[in-house]
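For reference, the structure is listed below as structure tokens.
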Amino acid sequence: MSVLTEQELHNLAMNIVGKDLEKNGFEFMAVNSELKKDPQFVCLKDRKLHFVIVKAVVYPEDPKNYDVIFMETIRAHALKFKARTYYAGVGLANASDYNKPVSKEENYIVNYNGIIEISE
Numbered sequence: 126m127s128v129l130t131e132q133e134l135h136n137l138a139m140n141i142v143g144k145d146l147e148k149n150g151f152e153f154m155a156v157n158s159e160l161k162k163d164p165q166f167v168c169l170k171d172r173k174l175h176f177v178i179v180k181a182v183v184y185p186e187d188p189k190n191y192d193v194i195f196m197e198t199i200r201a202h203a204l205k206f207k208a209r210t211y212y213a214g215v216g217l218a219n220a221s222d223y224n225k226p227v228s229k230e231e232n233y234i235v236n237y238n239g240i241i242e243i244s245e
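The number in our numbering is simply the position in the sequence shown, starting from 1, with 125 added.
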């Protein structure tokens with residue numbers, strides 16, 4: 126069985142979030158899919174700048190939970206550019222058995238509820 130690497134999980138999450146952003150009218154200015162390089166998406170919508178942080182989260186972790194201190198650091202950086210900051214947690218699990226890792230050979234389940242704005 127070929128288990129997905131951290132980078133492959135991240136790329137999968139990026140694709141899911143990217144499609145959602147596109148569907149919701151965001152225009153991509155910059156995309157960075159390298160792990161630990163933030164933000165992953167710099168977008169324009171309604172002539173405003175948006176920074177989006179994407180995180181792949183493997184079951185049993187909750188994709189809605191994020192590192193508050195880290196996100197505040199990103200938000201402080203975004204404010205210098207008059208940008209809004211968002212967190213996009215994408216939960217991933219093996220479809221046949223949640224306790225097995227996500228692999229290339231098996232189906233997976235996605236738990237993603239859209240972007241969460243980080244504000245004061």
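Don't be surprised by glycine CBs; every beta carbon is placed ideally from N, CA and C.
Fully enclosed alpha helix (DSSP H) runs of no fewer than 4 residues occupy 131-148 of the stretch 129-184, in order along the chain. The Cβ neighbour count for TYR223, taken over all protein chains shown within 10 Å, is under 16; the residue is labelled exposed. In this structure, the straight-line span from the alpha carbon of LYS225 to that of LYS205 is close to 42 Å. Residue state for GLU242 is assigned as strand, using DSSP reduced to three classes.
Between SER244 and GLU231, the C-beta gap is not smaller than 8 Å, which leaves the two residues out of contact.
VAL128 and MET196 have their C-alpha atoms spaced approximately 29 Å apart. Our two residues, ARG200 and GLU152, have alpha carbons roughly 20 Å apart in a direct line. Inter-segment contact for the stretch 156-168 and the stretch 186-194 is absent: fewer than three beta-carbon pairs are separated by less than 8 Å. Looking at LEU174, MET154, GLN132, the one whose alpha-carbon comes closest to that of ALA208 is LEU174. Annotation for VAL227: no alpha helix (DSSP H) segment contains it, and DSSP assigns it neither H nor E. Separation of VAL179 and MET126 (C-alpha to C-alpha, rounded to the nearest whole angstrom) is 26 Å.
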